[in-house]
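Sequences listed follow chains A and B, in order. Note that the first sequence covers residues 1 to 326 in full-length UniProt numbering. Note that the second sequence covers residues 1 to 326 in full-length UniProt numbering. Reviewing the structure listed below.
Number of protein chains: 2
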Amino acid sequence: MEDEPSISKEITKSTDFYIGILLAVCSSLFIGTSFIIKKISLTRLSRIGALRAGAGGFGYLKDWFWWLGISAMGFGEILNFAAYGFAPASVVTPLGALSVLVSAILASKFLNEKLTIVGKLGCLLCILGSTMIILHAPKEEPLENLNLFLSKLQEPAFAHYMICMVVLCSAILCCLGPRFGSRYVCVYITLCSAIGGITVMACKAIGLALKSYSALLSYPTFWLLSTMILIMAVCICVQITYLNRTLDLFNASIVTPTYYVFFTGFVIAESIVLFREWELMTAGDMAGALCGFFVTVVAVFVLSTSKDGHQQTRHLGVNTYFAVKS
Amino acid sequence: MEDEPSISKEITKSTDFYIGILLAVCSSLFIGTSFIIKKISLTRLSRIGALRAGAGGFGYLKDWFWWLGISAMGFGEILNFAAYGFAPASVVTPLGALSVLVSAILASKFLNEKLTIVGKLGCLLCILGSTMIILHAPKEEPLENLNLFLSKLQEPAFAHYMICMVVLCSAILCCLGPRFGSRYVCVYITLCSAIGGITVMACKAIGLALKSYSALLSYPTFWLLSTMILIMAVCICVQITYLNRTLDLFNASIVTPTYYVFFTGFVIAESIVLFREWELMTAGDMAGALCGFFVTVVAVFVLSTSKDGHQQTRHLGVNTYFAVKS
Numbered sequence: 001m002e003d004e005p006s007i008s009k010e011i012t013k014s015t016d017f018y019i020g021i022l023l024a025v026c027s028s029l030f031i032g033t034s035f036i037i038k039k040i041s042l043t044r045l046s047r048i049g050a051l052r053a054g055a056g057g058f059g060y061l062k063d064w065f066w067w068l069g070i071s072a073m074g075f076g077e078i079l080n081f082a083a084y085g086f087a088p089a090s091v092v093t094p095l096g097a098l099s100v101l102v103s104a105i106l107a108s109k110f111l112n113e114k115l116t117i118v119g120k121l122g123c124l125l126c127i128l129g130s131t132m133i134i135l136h137a138p139k140e141e142p143l144e145n146l147n148l149f150l151s152k153l154q155e156p157a158f159a160h161y162m163i164c165m166v167v168l169c170s171a172i173l174c175c176l177g178p179r180f181g182s183r184y185v186c187v188y189i190t191l192c193s194a195i196g197g198i199t200v201m202a203c204k205a206i207g208l209a210l211k212s213y214s215a216l217l218s219y220p221t222f223w224l225l226s227t228m229i230l231i232m233a234v235c236i237c238v239q240i241t242y243l244n245r246t247l248d249l250f251n252a253s254i255v256t257p258t259y260y261v262f263f264t265g266f267v268i269a270e271s272i273v274l275f276r277e278w279e280l281m282t283a284g285d286m287a288g289a290l291c292g293f294f295v296t297v298v299a300v301f302v303l304s305t306s307k308d309g310h311q312q313t314r315h316l317g318v319n320t321y322f323a324v325k326s
Numbered sequence: 001m002e003d004e005p006s007i008s009k010e011i012t013k014s015t016d017f018y019i020g021i022l023l024a025v026c027s028s029l030f031i032g033t034s035f036i037i038k039k040i041s042l043t044r045l046s047r048i049g050a051l052r053a054g055a056g057g058f059g060y061l062k063d064w065f066w067w068l069g070i071s072a073m074g075f076g077e078i079l080n081f082a083a084y085g086f087a088p089a090s091v092v093t094p095l096g097a098l099s100v101l102v103s104a105i106l107a108s109k110f111l112n113e114k115l116t117i118v119g120k121l122g123c124l125l126c127i128l129g130s131t132m133i134i135l136h137a138p139k140e141e142p143l144e145n146l147n148l149f150l151s152k153l154q155e156p157a158f159a160h161y162m163i164c165m166v167v168l169c170s171a172i173l174c175c176l177g178p179r180f181g182s183r184y185v186c187v188y189i190t191l192c193s194a195i196g197g198i199t200v201m202a203c204k205a206i207g208l209a210l211k212s213y214s215a216l217l218s219y220p221t222f223w224l225l226s227t228m229i230l231i232m233a234v235c236i237c238v239q240i241t242y243l244n245r246t247l248d249l250f251n252a253s254i255v256t257p258t259y260y261v262f263f264t265g266f267v268i269a270e271s272i273v274l275f276r277e278w279e280l281m282t283a284g285d286m287a288g289a290l291c292g293f294f295v296t297v298v299a300v301f302v303l304s305t306s307k308d309g310h311q312q313t314r315h316l317g318v319n320t321y322f323a324v325k326s
């Protein structure tokens, strides 16, 4: 009889994991679909002769179909935030690749963008890689509630990680960015990814807070939640600014996979250092998760290069945005 | 103290598994290298003006370098046979894909065949897929010795499997082959793969017999071994004949991946039905092994299509052969 509470706790943990996976997959479905809806709306507008978005037109703001796309994206983002509250960050972030898959499949169906044999292989690899990541993810979430999360923030590892991030970001913003930013794609992508990692941390806190409704009402949680929302908003703004700058300088087919690799890399590093997610994994699980990650990287690379550079899916984690170039 | 024998048995089992993997990987190394050595020899001969093999020349028989290639291939095959005695067939057969990787890498180094970015991705996928297959392979070998193997042969499952194979092969040889063989690549490939499955079974028996030297000296083992060697020789001859026929009709870049998929498929089916290898696996391991298999299939497909059709690696399991077309 003594074991019963621990068994029920185990079951809750396992259920939480699958809820998180489901939320992450649904999030990718909505975000992948949203790009196609917005693209259809923009194509329709250009057909009826409205001034194109690329030329400074804002006709799309009057189209209900465009707003449907925006709503789908917003809903997808909310699901993504929620996923961080249930499943480990090291599995939710890489699953963002599925939105690239969804938009590639839907584009071939609704936008008549032909899916080549290479594109089809990319889709298959994306599914296989994601399956491997899920199979080998740490099934137990070390951060069950907000209190555990807060205790992690007080550990020296967190302070060290944040100092490294501040030094790295300052170096890129003040010195490396202006000098090498327009020559190497990695420079601003590293900045965006480092800040993206902090966004994920804030998302995690918000997700955990939203999970326990009772905790929301207490004063310290409310204060923490507001801070985290503020941090998240600032981080997302910085990310969007510098990603758009990178996209202006480089082709999206290079930016998308590079950003996926760097962003997921930072989140995995954060998961190891900060959340200690990998302490629960065996060597075999780590090898399997890395294999899955690399297969997904190949898939994102293949899917990004098999399409043309315009209006690509750029959701690769917590931040979604769209650049209307066509 | 009671647990000691079972622990030492566990350790032996685990060691056996890794010996089997090592043998399979080394086998692929030798076989992959052998193709390059033979190709270098043939190129050298054509440079000094000898009659080319494709035009009926036999000058290569006088070249020691060509014989070095043949020896490497023979040694690789012996290692492959031995691997079946140590590790489950469902892991040794898919690892044959590594020889495609080895020959692709060596060809780019020694034959100046440029490895494109797609080819490099294929190499990466081949390594990732193989790692996944090894990670999720059944670590315990259900067929530890020849007696267990013999007891499996007396089970009804074996009789049913053999009846199915005989019916399938007869149907292809008498009816489907002559009618559809020259139109669909799958027809003769199915025949070769079904017979390849039986070759693997014979290999398994030979491997197990060679493993226990003491058993070799007993009369029934000797008789069984001779029968198995005979079966294997006949099967390999049939396989080579019909694979060459298929290669005359279709491009090697289609035949190689199709054969890999069908052959490995038959061996996995045999492993499940006959050797019960998959009974020891969890659902997660099965999903992981299948993911690894499909990633390897994509890799073999990519590596086969990124090269031209001549002198490709055609080792995809127990049988190696080469078709000199150039």
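Note that beta-carbon positions come from the ideal geometry of N, C-alpha and C, so glycine has one too.
In this structure, V297(B) sits away from L121(B), with a CB-CB distance that is not shorter than 8 angstroms.
Going by beta carbons, V255(A) and V185(A) fall inside the 8 angstroms limit. Spatial neighbours of D63(A) in its own chain (CB-CB distance under 7 angstroms, excluding positions within 5 residues in sequence) are listed in chain order as S41, L45. Only residues of its own chain outside the window of five on either side were considered, and among them L79 have a CB closer than 7 angstroms to the CB of C26(B), listed in chain order.
Using beta-carbon distances, A287(A) counts as an interface residue toward chain B, with a partner under 8 angstroms.
In the structure shown, M286(B) adopts helical secondary structure according to DSSP, grouped into three states. Judged by their CB atoms, A194(A) and F266(A) are nearer to each other than the 8 angstroms cut-off. By the Cβ rule, the region 264-284 of chain B does not count as touching the region 102-111 of chain B, because fewer than three pairs are nearer than 8 angstroms. V298(A) belongs to the set of residues whose beta carbon lies under 8 angstroms from a beta carbon in chain B. Between C235(A) and T199(A), the C-beta spacing is below 8 angstroms.
For T264(B), none of the residues of chain A pass the 9 angstroms Cβ criterion, the least Cβ distance being about 16 angstroms. Excluding the 5 residues flanking it on each side, I19(A) has same chain C-beta neighbours closer than 7 angstroms at F86, in chain order.
For the set C123(B), A233(B), F149(B), Y259(B), the Cα lying nearest the Cα of Y188(B) is the one of Y259(B). Between G284(A) and N251(B), the alpha-carbon positions lie close to 39 angstroms from each other. Taking 8 angstroms as the upper bound for CB-CB distance, I36(A) and L106(A) are in contact here, some 4 angstroms apart. Closer than 8 angstroms to the CB of F81(B) there is not a single CB belonging to chain A.
For L111(B), no alpha helix (DSSP H) run applies, since DSSP gives it neither H nor E.
A direct Cα-Cα distance of roughly 12 angstroms separates D248(B) from I240(B). Annotation: F17(A) has no Cβ neighbours in chain B at a cutoff of 7 angstroms; minimum Cβ distance is about 13 angstroms. Excluding its 5 nearest sequence neighbours in each direction, W278(B) has C-beta neighbours in its own chain below 6 angstroms: I272, listed in chain order. In summary, the residues of the region 108-138 of chain B whose CB is separated from some CB of chain A by less than 7 angstroms are L121, L124, L125, L128, T131, M132, L135, in the order they occur in the chain. The DSSP assignment places no complete run of the beta strand (DSSP E) inside the region 219-280 of chain B (cut-off: 3 residues). Annotation for F294(B): G129 place their beta carbon closer than 8 angstroms to its own, counting only its chain and skipping 5 residues before and after. Taking the C-beta atoms as reference points, I206(A) is found no nearer than 8 angstroms to F17(A). Taking all protein chains in view, the Cβ of E77(A) is crowded by 16 or more other Cβ atoms within 10 Å, so the residue is classified as buried. Non-local beta-carbon contacts of M281(A) in its own chain, meaning distances under 6 angstroms to residues more than five positions away in sequence, involve P138 in chain order. I134(B) and A202(B) have their alpha carbons spaced roughly 23 angstroms apart.
By the neighbour-count criterion, in which 16 or more other beta carbons inside 10 Å mark a residue as buried, T221(B) falls on the buried side.
Less than 8 angstroms separates the beta-carbon of T33(A) from that of V102(A).
V295(A) has a beta carbon lying within less than 8 angstroms of a beta carbon in chain B. Rounded to whole angstroms, L95(B) and L230(A) show a C-alpha spacing of 51 angstroms.
Cα atoms of T131(A) and G288(B): separation of roughly 8 angstroms, rounded to the nearest angstrom. Rounded to whole angstroms, A97(B) and A209(B) show a C-alpha spacing of 26 angstroms. Against chain B, the beta carbon of G20(A) has no neighbour under 7 angstroms; the closest one sits roughly 17 angstroms away. The beta carbon of C291(B) falls within 8 angstroms of a beta carbon belonging to chain A, placing the residue at that interface.
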